[in-house]
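Remarks on the structure that follows.
In the numbering used here, the protein residues as written are -8 to 194.
Written as structure tokens, this is what we have:
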């Protein structure tokens, strides 16, 4: 009965929703859910689909300077967040005046190595996205797939970026250039959704 519930109620939504229109923690949480369902159902096709979701959104969720001047755009059917202006405003959570103008203009944000797509939103949601990355990688590791090794630089850099800011904000404030041109940045720096013990043990 539980297998039937997963197949009929969960899998259709997890595999058909256009997550790319929304913040990245949605798709990363969906990948985590789907890989767990796939293992439980012993379904290799679903497992591979979860890996594909993870690979696409992990690249689009954590920025590395080696990506170039802009983050990797998220894949979606709606064509959202593909231009420099759209990407900049998404990563700034529309907290810049340029993003709230009609039409929006490029906010001119300079992305920082290790920054997550939701860092400028708040760290709670950023830790959910990073958590989806880590938990999916952990399940894959148990199944013999080394996603940790595949995206080591991106995962480690993203996690350390979040932790460093969360630990030093009270004494040092925001790092230079953090979410430049954004206003009303959230000082909610809780990383309670980040499975730090899991990622620490992995590396």
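We treat Cβ as the ideally placed atom computed from N, Cα and C, and that holds for glycine.
Computed from a predicted structure; not experimentally measured.
Using C-beta distances below 8 angstroms, list every residue in its chain close to residue 80, excluding the 5 sequence neighbours before and after it, in chain order.
Here residue 80 refers to the residue found at position 89 when the chain shown is read from its first residue. Hits under 8 angstroms: 87, 89, 90, 95, 98.
Kindly give me the distance between the Cβ atoms of residue 160 and residue 106, rounded to whole angstroms, as I take these residues to be in contact under 8 angstroms.
To locate residue 160, count along the chain shown from 1; it is residue 169. To locate residue 106, count along the chain shown from 1; it is residue 115. Not really, about 15 angstroms apart at Cβ, beyond 8 angstroms.
Go through its chain and collect everything with a Cβ distance to residue 16's Cβ below 7 angstroms, but skip five positions before and after it.
Sequence index remark: in the chain shown, residue 16 carries index 25 (1-based). Counting only Cβ-Cβ distances below 7 angstroms, and skipping sequence neighbours, we find 109, 116, 119, 120, 123.
According to the Cβ coordinates, are residue 1 and residue 30 closer than 8 angstroms?
One-based indexing of the chain shown puts residue 1 at position 10. One-based indexing of the chain shown puts residue 30 at position 39. No, they are not a contact pair.
Distance between residue 162 and residue -3 (C-alpha atoms, nearest Å):
Along the chain shown, read from residue 1 onward, the residue named residue -3 stands at position 6. Along the chain shown, read from residue 1 onward, the residue named residue 162 stands at position 171. So the alpha carbons of these two residues sit roughly 47 angstroms apart.
Per the DSSP calculation, residue 162 is bridged to which residue(s)?
By 1-based counting over the chain shown, the position of residue 162 is 171. In the DSSP output, where bridge partners are listed per residue, residue 162 has none listed.
On the three-state DSSP scale, how would you describe residue 2?
Residue mapping note: residue 2 aligns to position 11 of the chain shown, counting from 1. If DSSP states are grouped into helix, strand and coil, residue 2 belongs with the helices.
Three or more C-beta pairs below 8 angstroms linking the segment 16 to 26 and the segment 39 to 46:
Touching, per the Cβ criterion.
Check whether the Cβ atoms of residue 111 and residue 185 lie closer than 8 angstroms to each other.
Taking the first residue of the chain shown as position 1, residue 111 is located at position 120. Taking the first residue of the chain shown as position 1, residue 185 is located at position 194. A distance of 8 angstroms or more separates the beta carbons of residue 111 and residue 185.
Quick one: Cα of residue 58 to Cα of residue -8, how far?
The count along the chain shown starts at 1 and reaches residue 58 at position 67. The count along the chain shown starts at 1 and reaches residue -8 at position 1. Between residue 58 and residue -8, the C-alpha separation is close to 45 angstroms.
Helix, strand or coil for residue 107, going by three-state DSSP, please let me know.
Sequence index remark: in the chain shown, residue 107 carries index 116 (1-based). Residue 107: strand per DSSP, three-state reduction.
List the residues that DSSP assigns as beta-bridge partners of residue 53.
Counted from its first residue, the chain shown places residue 53 at position 62. 107, per the DSSP bridge assignment.
What does a CB cutoff of less than 8 angstroms around residue 104 pick up in its chain, not counting 5 residues either side in sequence?
In the chain shown, counting from the first residue as 1, residue 104 sits at position 113. Cβ within range, chain order: 54, 55, 56, 148, 152.
So residue 194 is in the alpha helix (DSSP H); what residue range does that whole segment cover?
Indexing the chain shown from 1 puts residue 194 at position 203. Bounds of any alpha helix (DSSP H) do not take in residue 194, whose DSSP letter is neither H nor E.
Pull up the CB-CB distance for residue 63 and residue 82, whole angstroms please, since I reckon it's below 8 angstroms.
Against the chain shown, residue 63 aligns to sequence position 72. Against the chain shown, residue 82 aligns to sequence position 91. Not a contact, Cβ separation roughly 11 angstroms.
When you compare each of 3, 13, 38, 6 to residue 130 by their alpha carbons, which one comes out closest?
Counted from its first residue, the chain shown places residue 130 at position 139. Measuring from the Cα of residue 130, the nearest candidate turns out to be 38.
Comparing alpha-carbon positions, which option in 113, 3, 12, 189 lies nearest residue 165?
Translated into positions along the chain shown, residue 165 becomes position 174. Scanning 113, 3, 12, 189 for the CA closest to the CA of residue 165 turns up 113.
From the DSSP output, in three-state form, read off residue 36 for me.
Reading the chain shown from its first residue, position 45 is the one you call residue 36. Residue state, collapsed to three classes: helix.
For the candidate residues 49, 140, 75, whose alpha-carbon lies nearest to that of residue 194?
On the chain shown, residue 194 is found 203 positions in, with the first residue counted as 1. Selected option, being the one with the closest Cα: 140.
Quick check: what's the CA-CA separation for residue 132 versus residue 138?
Taking the chain shown and counting its residues from 1, the one referred to as residue 132 is at position 141. Taking the chain shown and counting its residues from 1, the one referred to as residue 138 is at position 147. Whole-angstrom Cα-Cα distance: 7 angstroms.
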